[in-house]
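These notes are about the structure you will find just below.
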Amino acid sequence: MRRGWALALAAAGAAVMAGGGYVAGDWKGDRGEPSCAEVRQTAEGLFGQWSKLDTDDERRTAKVRVAADIVLVHDDCFPFATRSAARAAVQQLDVSGESTAMRIAAGLVACETVVKDPTSCRTRP
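So in this note's numbering, the last one in the sequence shown is 130, and the numbering has no gaps at all.
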């Protein structure tokens, strides 16, 4: 199970880096720092993907973790409540172990403070 978690995290990181993921990576070249709008769009996009995955899909945890890390790295782009929710989600994910319910709860807390429409966090395919 640990190996599956590591692979899911690596896959989520690769997906973020490929699709507008320069927000989470190094800023080299002519682009410079991303704008707050780009940062928020990337975080919201991750939660949009998260909400469409099955509850037992291990990629859900990775997407929440990456989105929360983006919020924490770009803290000047988010209000205090959002940063606090991201921090709480990361802490809850760290202690969740194999508990799907705890991982879902952590994702909901972070998602509902990042996205513009919090009801979208509860949608399923």
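All C-beta atoms in this analysis are idealised placements derived from N, C-alpha and C, irrespective of residue type, glycine included. Treat the numbers as computed from the prediction; the structure is a model and nothing was measured.
As assigned by DSSP and simplified to three states, the class of residue i
{"i": "T124", "result": "helix"}
{"i": "E117", "result": "helix"}
{"i": "G112", "result": "helix"}
Beta-carbon spacing of residue i, residue j below 9 Å
{"i": "S125", "j": "F52", "result": "yes"}
{"i": "T118", "j": "T60", "result": "no"}
{"i": "V69", "j": "G112", "result": "yes"}
{"i": "A67", "j": "A90", "result": "no"}
{"i": "V120", "j": "E49", "result": "yes"}
{"i": "Q97", "j": "R108", "result": "yes"}
Limits of the alpha helix (DSSP H) - the one that residue i falls within
{"i": "S89", "result": "85-100"}
Proximity test, residue i beta-carbon vs the ligand ZN heavy atom, cut-off 8 Å
{"i": "V71", "result": "With respect to the ligand ZN, the structure offers nothing, as it holds no ligand at all."}
- In the segment 27-80, which residue ranges form an unbroken beta strand (DSSP E) of at least 3 residues, counting only runs that do not cross its ends? The qualifying runs do not exist here; there are none.
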